[in-house]
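Notes follow the structure.
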Amino acid sequence: MPRPATLFFPAPASDAAQRLARAAAFRAATGTAFASDAAALGFLSGVFLPRSGRWAYAATPKAASSSLKRLLFELEFGLPLPGDVTDPEDPNGDAPATRVLSSRLICPLWELDDPAAALSGALRITAVRDPELRAISGFKHICRSHVLKHVPYYTDRLHISALTGLNWAKESYRPSGFEKFLEFIAACYADNRADLVDPHWQRQVDSIMPQVFRPDLIAHVEDLNPFLHQIADRLGAPLPQDFVMPHSNASPDQTGRELITPRAAELIRQIYAADYAAFGYSTEIGPFPEPPTGQP
1 MPRPATLFFP APASDAAQRL ARAAAFRAAT GTAFASDAAA LGFLSGVFLP RSGRWAYAAT
61 PKAASSSLKR LLFELEFGLP LPGDVTDPED PNGDAPATRV LSSRLICPLW ELDDPAAALS
121 GALRITAVRD PELRAISGFK HICRSHVLKH VPYYTDRLHI SALTGLNWAK ESYRPSGFEK
181 FLEFIAACYA DNRADLVDPH WQRQVDSIMP QVFRPDLIAH VEDLNPFLHQ IADRLGAPLP
241 QDFVMPHSNA SPDQTGRELI TPRAAELIRQ IYAADYAAFG YSTEIGPFPE PPTGQP
C-alpha cells in the first residue's frame, strides 16, 4: 500500500491571491503567450495532474474530457473511477468525473507552487475534436441546460439572448438558435471579449495553448483507440486486450448536423479557423439538410 503522502495532495491552502501570484510567475516564464495574469490563471485551472506528476492533462470541454478523466484515473490508480455519486446540479451530467478534480487525488496546476516545473516533468496529454461537431455539441449542451432549468449556464443564456435575441423556448435545438449561438461567439471574439465565451465552446487552442502546454500526445476524438494504447504504453500500464473506452456524457444524437446551415458553416469556419489550422481538420462542411416545414 502506498504512503498517503505519495497519493494525496495536501489540503488546498492557496487563496485567490496566491493563485494569481503563481499565475503571474507562470506568465512571466512563458513570454508573451498570455495577455494577462487572469488569462494565465484560466489556463492553469484547466490542466490537471496526479500526485505522482507522471502526466498532465489539458482538458478540452466537449472533446471526450469526461471519458479521458475516467481513463487516466484507471491508469493511475488501477481501478475504474467509482460511480457511486449523483449530483442533479452537475452541468456536465457526470458527477464522478467532475468531483474527482476536487478529490486531492488529482488537482489543477494552480494548486502547485511551481506549475512550470510540474509541466516540464510530466507526460502532457490533451484531446481535440472536429470544430463543427464540437460547436454542435456545445450548443446542445447549453440547450439541455435551458430545458433542465439549470443554474449553470443561465448567465450564458442571458448573455446570448441579450446580444442576439435568441429565444430559448422556441429556438433550442433549432438551426436558427444555432446560428444565433455562433453569432454571439463570433461577436465576442471580434470585440476582444473572449471572457464571455464559455470553455465548452471557446476555441480549442485557447483551452490547450499548444505553444505553452506543448502536448506530447494529442488525441483526436474521432479516432481514439490508437491514442489509448499510446498513453498506456507511455505510462507503463498497457491496456487490457478487451479494454473499452468509457464513453460518458455522450449526446443522444451522434452528430446533430441537421442544425448546420450555410450561415452556420461560415461562422464555424470563421470562429474556429485557428483550431482547423492547428489540428488538421477539414474545413469542408455540408451538404446542408432542408429544415423541416414549420421550423425556424
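If you read the sequence shown in our numbering, its first letter stands for residue 1, the second for the next number, and so on. The beta-carbon is built from N, C-alpha and C at its ideal position, and this holds for glycine as well. Note that the structure is predicted; figures quoted are calculated from it, not measured.
Item checked: Rounded separation between Arg234 and Ala28 - CA only -> For the purposes of this step, residue 234 is identified with residue 234 of the sequence shown, where counting begins at 1. For the purposes of this step, residue 28 is identified with residue 28 of the sequence shown, where counting begins at 1. C-alpha separation (whole angstroms): 31 Å.
Next item on the list: Could you tell me if Pro108 is buried or exposed, where buried requires 16 or more neighbouring beta carbons within 10 angstroms of its beta carbon?
Entry: Sequence index remark: in the sequence shown, residue 108 carries index 108 (1-based). Pro108 comes out buried.
Note to self: Using the three-state DSSP reduction, which class does Val47 fall into: helix, strand or coil?
What the structure shows: Reading the sequence shown from its first residue, position 47 is the one you call residue 47. Residue state, collapsed to three classes: strand.
Note to self: Here's the rule I'm using: 16 or more other beta-carbon atoms within 10 Å means buried, otherwise exposed. How should Asp275 be labelled?
What the structure shows: By one-based count along the sequence shown, residue 275 stands at place 275. With at least 16 other beta carbons inside 10 angstroms of its own, Asp275 counts as buried.
Check: Given 8 Å as the limit, is there contact between the stretch 55–65 and the stretch 17–28, that is, 3 or more CB pairs closer than that?
Finding: Result no; under three Cβ-Cβ pairs closer than 8 Å.
Notebook entry, point to check: So which of Thr155, Lys140, Glu111 and Gly177 has the shortest CA-CA distance to Ala23?
Noted result: Residue 23 sits at position 23 when you count from the first residue of the sequence shown. Closest by C-alpha distance to Ala23, out of Thr155, Lys140, Glu111 and Gly177, is Glu111.
Check: Is it buried or exposed for Gln204, if we count other Cβ within 10 angstroms and need 16 for buried?
Finding: Walking along the sequence shown from the start, residue 204 turns up at place 204. So Gln204 counts as buried.
Next item on the list: Tell me Val128's beta-bridge partners as DSSP assigns them.
Entry: For the purposes of this step, residue 128 is identified with residue 128 of the sequence shown, where counting begins at 1. DSSP, once it has assigned bridges, lists His220 as partnering Val128.
Check: Buried or exposed: Tyr154, going by 16 or more other Cβ atoms within 10 Å of its Cβ?
Finding: To locate residue 154, count along the sequence shown from 1; it is residue 154. With fewer than 16 other Cβ atoms within 10 Å, it is exposed.
Item checked: Proximity below 9 Å, CB of Ile268 to CB of Ile285 -> As a first step, residue 268 must be located in the sequence shown, where it is residue number 268. As a first step, residue 285 must be located in the sequence shown, where it is residue number 285. Taking a C-beta distance under 9 Å as the contact criterion, Ile268 and Ile285 qualify as a contact pair.
Next item on the list: Determine the DSSP secondary structure at Ala17, reduced to helix, strand or coil.
Entry: For this step, residue 17 is matched to residue 17 along the sequence shown. Ala17: helix per DSSP, three-state reduction.
Next item on the list: Taking the CB atoms as reference points, tell me whether Ala48 and Ala56 lie closer together than 9 Å.
Entry: Working through the sequence shown from its first residue, we reach residue 48 at position 48. Working through the sequence shown from its first residue, we reach residue 56 at position 56. Looking at the sequence itself, residue 48 is Phe, so the reference to Ala does not match. Remark: C-beta atoms of Phe48 and Ala56 approach each other more closely than 9 Å.
Check: Of all the alpha helix (DSSP H) runs that stay within the bounds of the stretch 151–188, which reach a length of 4 or more residues?
Finding: With a minimum length of 4 residues, the continuous alpha helix (DSSP H) runs that stay inside the stretch 151–188 are 154–164 and 168–171.
Notebook entry, point to check: Can you tell me whether Val147 is buried or exposed, with buried defined as 16 or more other CB within 10 angstroms of its CB?
Noted result: Residue mapping note: residue 147 aligns to position 147 of the sequence shown, counting from 1. Val147 comes out exposed.
Notebook entry, point to check: When the distance is taken between beta carbons, is Glu258 closer than 9 Å to Pro199?
Noted result: Looking up residue 199 in the sequence shown gives position 199. Looking up residue 258 in the sequence shown gives position 258. For Pro199 and Glu258, no; Cβs fall outside 9 Å.
Notebook entry, point to check: Any idea what DSSP makes of Pro61, helix, strand or coil?
Noted result: Position 61 of the sequence shown, counted from the first residue, corresponds to residue 61. The DSSP-derived three-state label of Pro61 is coil.
Check: The beta strand (DSSP E) with Ile319 in it runs from where to where?
Finding: No answer is possible for residue 319: it lies beyond the span of the chain, which begins at 1 and ends at 296.
Next item on the list: Report yes if the CB atom of Leu105 is closer than 9 Å to the CB atom of Phe73, and no otherwise.
Entry: Within the sequence shown, residue 105 is the residue found at index 105, counting from 1. Within the sequence shown, residue 73 is the residue found at index 73, counting from 1. With respect to the 9 Å criterion, Leu105 and Phe73 are classified as neighbours on the basis of their beta carbons.
Check: Can you name the residues that DSSP bridges to Ile106?
Finding: Residue numbering aside, residue 106 sits at position 106 when the sequence shown is read from its first letter. For Ile106, which the question treats as bridged, DSSP gives the partners Pro50.
Check: Based on the DSSP output, what are the partners of Trp55 in its beta bridges?
Finding: If you number the sequence shown from 1, residue 55 lands on position 55. Bridge partners of Trp55 according to DSSP: Leu123.
Next item on the list: Could you please give the first and the last residue of the uninterrupted alpha helix (DSSP H) stretch that includes Val197?
Entry: Taking the first residue of the sequence shown as position 1, residue 197 is located at position 197. Membership of Val197 in any alpha helix (DSSP H) is not indicated, and neither H nor E is assigned to it by DSSP.
Notebook entry, point to check: If you run the structure through DSSP and keep just helix, strand and coil, what is Asn192?
Noted result: Here residue 192 refers to the residue found at position 192 when the sequence shown is read from its first residue. Collapsing the DSSP output to three states places Asn192 in coil.
Check: Are Thr261 and Phe178 touching if we call contact CB-CB under 9 Å?
Finding: Here residue 261 refers to the residue found at position 261 when the sequence shown is read from its first residue. Here residue 178 refers to the residue found at position 178 when the sequence shown is read from its first residue. Phe178 sits close to Thr261, with the two beta carbons spaced by under 9 Å.
Checklist line | Exposed unless 16 or more other CB atoms sit within 10 angstroms - verdict on Lys170 | finding: Walking along the sequence shown from the start, residue 170 turns up at place 170. Exposed, since its Cβ has fewer than 16 Cβ neighbours within 10 Å.
Check: Are Ala116 and Thr30 touching if we call contact CB-CB under 9 Å?
Finding: Taking the first residue of the sequence shown as position 1, residue 116 is located at position 116. Taking the first residue of the sequence shown as position 1, residue 30 is located at position 30. Yes, the Cβ-Cβ distance between Ala116 and Thr30 is below 9 Å.
Notebook entry, point to check: Quick one, which of Arg263, Ser282 and Glu222 has its alpha-carbon nearest Lys299's?
Noted result: Nothing can be reported for residue 299: it is not among the residues displayed for the chain, which extend from 1 to 296.
Check: If you run the structure through DSSP and keep just helix, strand and coil, what is Leu41?
Finding: Position 41 of the sequence shown, counting from 1, holds the residue named residue 41. Of the three classes helix, strand and coil, the one that applies to Leu41 here is helix, per DSSP.
Next item on the list: State the DSSP-derived secondary structure class of Pro4, mapped to helix, strand or coil.
Entry: By 1-based counting over the sequence shown, the position of residue 4 is 4. Under the three-state reduction of DSSP, Pro4 is assigned to helix.
Notebook entry, point to check: Nearest to Phe114 by alpha carbon, out of Arg99, Gln211, Gly53 and Leu182?
Noted result: Walking along the sequence shown from the start, residue 114 turns up at place 114. In the sequence as presented, Phe is not what sits at residue 114; that position holds Asp. Looking at the Cα atoms, Gly53 is the closest of the given residues.
Notebook entry, point to check: Which residues mark the beginning and the end of the alpha helix (DSSP H) in which Glu266 is found?
Noted result: In the sequence shown, residue 266 corresponds to position 266, counting from 1. Annotation: the continuous alpha helix (DSSP H) that includes Glu266 extends over Pro262 to Ile271.
Check: My guess is that Val128 and Ile218 are in contact by the Cβ rule of under 8 Å, so how many angstroms apart are they, rounded?
Finding: Looking up residue 128 in the sequence shown gives position 128. Looking up residue 218 in the sequence shown gives position 218. Contact flag correct, Cβ pair sits at about 6 Å.
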